[in-house]
Each structure stands twice: as structure tokens, then as C-alpha cells.
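Residue numbers (our numbering): 8 to 733.
Cβ atoms here follow ideal geometry from the backbone N, Cα and C, with glycine treated the same way.
Since we're looking at a predicted model, the values are computed, not measured.
What follows is a set of notes on a single structure, which appears directly below.
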């Protein structure tokens, strides 16, 4: 642009000088008696000399301009060749050609030229037709999942089910229906197509074809055009109405332009005139199958791994990719507030970029990776848009085969992508988004599972990472169990790994500081205490005594199950219920319902019916700085109040969970597995759950229920004698 401006200024300046020279012809009286004609010739000669000087300056400018045009033409031609060699889909090829045509008409100095070049480069680089072949080996997949992760049997079974279905669908023979009122044609096509490995069904009339279409679904229908009563066009309409993806090939001995046009208009894939060659039919069938399976959405699964931190959600996603033989990509959604992070920016914006979905697919160079969307429940929202809503199109199997990123501005097929979403709490995910996913719960690990995971995975990993491979310390099971029970308090294994890493670091420090330190070390429970200090946690229940007005409850939290203690006290007053402990609205209502139930049934529990007239009751849940809410504490509050009012201590090693109604019924609650794991961690001996949670408890593995005495109750009075001490 700068050179064009300079050239224009030169031309304007010299043109002005030349015009002034021609207009200012000297007066003959002042020019020594020269005639006007002679003066004019002299002026023309001077102008000629001036033009020669102008050309001395302008010629190099024209040379540079011709060079720039040549370079631009060469660059455009190079891009055109790249687009051609990329073998893009037809619609994308058309977009790229139009963009190249526009670039050839604008100057390379304008900003749109560079934007266009970058856009075409990005289109060429996207993996439109690149896919990795799935490794359809069920035994190999199961072996990989078992080697990478201990336990998680339900999740592994779901992944293997997905793979098994894919194996069946992939190995299924294409089914072809051949319809013709000439039996010899049906026999010939049947023989030829079966030799190609297809499953073939014959029909000798349109009526028979209708019956077959009702019984089976077909990938290809080959039908004669003219038949009695029901024609080939009727068969075509029936097939397309029932199975829109079915490809129909018309064969006729009465070929005409009108019949061909009619067939194609009604959705026929191809039109073949009799007599036909078997090779022509074979090639047409192959092309029809290619079109069917290329346009048919594979509807990649959308799984949601929901559970506490540290339970293996993200690492299991990588194991799934390895088991399927696909490439793996991960996108962290935590804190994302801009919708453009998902859909991309328009090309007209400064610094425009594609969205994270398309960018990751471009990076892994495959259109069917395993794509993990991490921390979906922590996604943000502000004036820049709602990213969660933008994900609706991405994760919807009915829509994502035509996903449009704002930057590339053309449809991209995401139907082959296997999406795995992770969240700590699935209920925090937008309802419409959660409806598009299959939620698989990660409940946390039992102590036995943590022990095996530590010995098989965590200890060897930390020994290697901390440089102790030459002198490997030996961790005894008792030592690891001590770390689990006294130094960690979690549903997952992250803190467990950190504590093991701390022990390994201290051993490494001893090796470096003291050359005489023993190189063969056995980590015992005593050694653990010397390295990590005194234990931070203890068995809250087992170490406590039974008390009046103090009951043990089980609740569900974001990081797994937990135990709570509900304390109740009475004092002189005017019949007021005091609730403390940072309780939410649901827990406050549960306490009021429990008190009302006890007042209305005081005689059944041998309680003075006027106990509330001259005294106040205070209900407190310790850890007052931590917000608490949920219906699971209703039965626990009722037991603490009954203990207080009857003067009978409540057993601390019996934990109660259930929602209480005003009539004393105990309603079912969620998080059964997490609550039982919390009970085991705390040293609880017996657990009382609602009777309607029986199905949940029956479906739990035995190692979760190991060491626990389970009681099911439908009403609060059924458990009073079990929980209260006489």
C-alpha cells in the first residue's frame, strides 16, 4: 500500500509540472524574436526531457508492482494446489475455492488477505476424513482397564458393553433386498451379492417386498421399476418412508429420461437400464453402502463420570481411549465463561480463533478421538454468553453431525467423537445438558480398595519418581493402612498418594544427607509415625462414649459420604426451638418436623406431653462453620430428641440416615454407598437405612458392606430400641 501511494504521488507531481510547462509558452517579444511555433517546439522538447526523467523514477516502481503481482499469483496457485491435494469434502472444497477466488482479487497488503490465507490453511489442516480404526478386541480392552484401575467394576462393565455393541454393529453383514418379477434376475443378483459377503433377501413382487420391509430393515434395496400392482416407485417410497437411510437402486428394461428423473426425485440412489452388467451392479452397491455409512451418524456415546475428587474419573478416560485405540484429548471447562471458548470467534474479530472443541480435534489430527470435557459442573456464565448452553449442540447425538464453529463457519461432523464428561456433582450440571448424557457414578473407594491401589500403583509410582528405584523401600500393608486411617480422610486417593510421596521424600533426604543410612528400609506403622508425625484423624465413633441427646447420622457431601453428630439440650424457657450449626432450610424443616412428631406422639415414648411448655430445646450440629443441608438428617434429629427427652443414651456406633415425615415414616435417601463407606471409615458397627433403600443396598458389592450390620426401617419407632440404651 505504501508503494502504491508513493507511485501515485510521483505521477501526480510530474503530470502537474508537465502541464505547467505546456501552458507557460514564452512571449516572442521576450524570447529574442523567436516565432511562436519555434517556441512551442522548444517547449515540447523540454517536456520530452522532463518525461524521460519521470520514467527514470516510475519504471522501478512498475517493476516492483509487477513482481508483487507475480508473487501473489504464485502464492494463490500454491494454495489452490494444496486445497486440491487435501481431498476435502465437496461442500468444504467449494468454500475453499470461493475464498481463493476472493483472495486473487484483492491486494496482499490489505488485512483481509492474511485473514483469508490463515482461514484456508486451517480448513486444509482439519481432519475432515481422518479417523483412527477402533481396536475391536474385548479381551484387550478389559485387560487395559484392569491394569490401569483397581475396582470400578460397574464402570468397566459399561465401557465394555459399549465396545461389544460396536463390535456387533461393525461386523454385521449389510442386508440387501432384491425385488423383481423375473425370478432369473433375483437368482442372478442373489448369487452375485452373496459371493460378495452380503446378506440377501429376494422378493418376486412389490407386495412381497412390502412384507419384507415390514419384517426387516435393509441397507440396500434393488428393485425393478415396472411390476404388476405395486411398482418399483411404490417400493422406493415405502423403503424411504420406513428407513430414510436405506439406499434404493432402480433397475428397469423400460429406461427413459422421465422415469429416471422421477426415480431420482423420489430419492433413488442410482438408475440402471436392462440388460445390465453384474459388475456395474456390484460397483453401484459398493458406492451406495459407502454413502449410507458415511452419512449415517455413528452417534458417539456421551458418558458423564460423576463423583468425588481423586476417584479416577480423568485417568479412566485416558484408559478408555487406549482400550479403543483412539487418540485422546482433554479440555478443562472449570471457570470458562465465554461462549466463544466452545463455538469460536467470527473471523472478522481481531485475534479470532476456533473454539476449544475444533482446536483439540485439529491438534490430535483425528475426527473420532475420545474427548474429555473435565469439570463440567464448574463452568461459569456471564455477559459473554452461556458456555453450558453452547455445549448442548456439541453433546447432542441428534445435532452434532452438523456442528458449526464460528471461525470455520462450515458444518463439522462430531458424531464419531466419543465424549466423556466429568463432574463432582451431576446435579449441578444444567438439566438440559445432563439429559444428553449417561451419568455413571463414582462413589469412592473402600479401605481394602485403597490398600490394594496403594500397594499396586501408588507406592511403585512414588518410589520411581523420587529416585528410590535402586534401593526400594518396602511398604508393609499395615503401614499403608495406618496412613489411610490416620493421615487421610477422603473418598478418593489423592491425599493418600501425597502422604506416600512425603514418606519417600524423607527417605530420599536421609540417603543424601547420610551416606551411612541403611539402604534397605522397611516401612512399618512405627516408621510411618516417625516420618509423618502423630495421626491427624481417628475413629470418631469408636473412640467416643454413649451420651444422652447425642446421635450419629450419615450424610452425603460433594467429596463423598460423612458422619455427623446431632446434639440436643433442654433448658428452662418458653417453648422455643433453637437450631445452630450453619444449617440449611431443609435441615431446619427436618428438625421442626421431628419435634412436632415427638410432641404429637409423646405418650408412645413415655414422654410428658407438656414437656415443651416450660423449657426450650436447642439442637446443634457441630462444625458450625461448614454449611450443612439435606433431608437425610431428619431421622437422626428425631433420635437425638427422643434420647434427650427419655434420658436414654444413644449408641454412638449406630448411625442413622433417613428423611422423616410428620407421621413418623422414614423416606428413602440417596448416596447409600458413600454413606456406608463413611460409616466404615468412622468405625461405625451398625447402620440404619430406610426400608425403601433396600434395592440400593442389595446392589452394592459385599466389600462395601463388609463389617457393617445393616438394619432397614420404615418408621421411627422401629429403631428406637435399637439405637437407645436402656
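query	result
Short Cβ contact (8 angstroms threshold) for residue 661 with residue 559	yes
Buried/exposed call for residue 248, threshold 16 Cβ in 10 Å	exposed
First through last residue of the beta strand (DSSP E) which encompasses residue 132	It is not in any beta strand (DSSP E) - residue 132 instead sits in the alpha helix (DSSP H) that spans 118 to 132.
Whole-angstrom distance between residue 480 and residue 378, CA atom to CA atom	38 angstroms
Inter-residue Cα distance where the pair is residue 649 and residue 555	9 angstroms
Expected contact under 8 angstroms - CB spacing of residue 232 and residue 261 to nearest Å	7 angstroms
Candidates 706, 628 and 163, of which the one nearest residue 152 by Cα	163
Continuous alpha helix (DSSP H) stretch holding residue 396: start and end	394 to 402
Straight-line gap, residue 211 to residue 217 (C-alpha atoms, nearest Å)	11 angstroms
Residues that DSSP places opposite residue 722 in a beta bridge	672
Beta-carbon separation (whole angstroms), residue 601 vs residue 657, contact threshold 8 angstroms	Contact flag wrong, Cβ pair sits at about 14 angstroms.
Between the CA atoms of residue 415 and residue 133 - distance to the nearest angstrom	10 angstroms
Inter-residue spacing [alpha-carbon to alpha-carbon] between residue 113 and residue 206	57 angstroms
Alpha helix (DSSP H) runs wholly inside the segment 146 to 190, at least 4 long, in chain order	160 to 178
As assigned by DSSP and simplified to three states, the class of residue 516	helix
Beta-bridge partners of residue 419, as assigned by DSSP	410
Residue 588 burial status per 10 Å Cβ neighbour count (16 or more: buried)	buried
Alpha-carbon to alpha-carbon, residue 178 and residue 107	43 angstroms
Per DSSP, cross-strand counterpart(s) of residue 230	186 and 257
Whole-number beta carbon distance between residue 165 and residue 447, since they are thought to touch under 8 angstroms	6 angstroms
Check whether residue 529 and residue 429 have beta carbons under 8 angstroms apart	no
Whole-Å CB distance - residue 511 paired with residue 469, under 8 angstroms assumed	5 angstroms
Beta-carbon separation (whole angstroms), residue 385 vs residue 341, contact threshold 8 angstroms	4 angstroms
Close beta carbons around residue 508, own chain, < 6 angstroms, minus the five adjacent residues each side	469
Residue 130 classed as buried or exposed, judged by whether at least 16 other C-beta atoms fall within 10 angstroms	buried
Buried/exposed call for residue 198, threshold 16 Cβ in 10 Å	exposed
Close-in-space but distant-in-sequence residues of the same chain around residue 204 (CB under 8 angstroms, 5 per side omitted)	180
Between the CA atoms of residue 97 and residue 65 - distance to the nearest angstrom	Its pLDDT being 49, under 50, residue 65 is placed unreliably in this model, and the value from its coordinates should be taken loosely. Residue 65 and residue 97: Cα-Cα distance of roughly 46 angstroms.
Cβ shell of residue 484 (< 8 angstroms), same chain only, five flanking positions each side left out	458 and 462
Proximal residues to residue 224 (C-beta, below 6 angstroms), its chain only, five neighbours per side dropped	250
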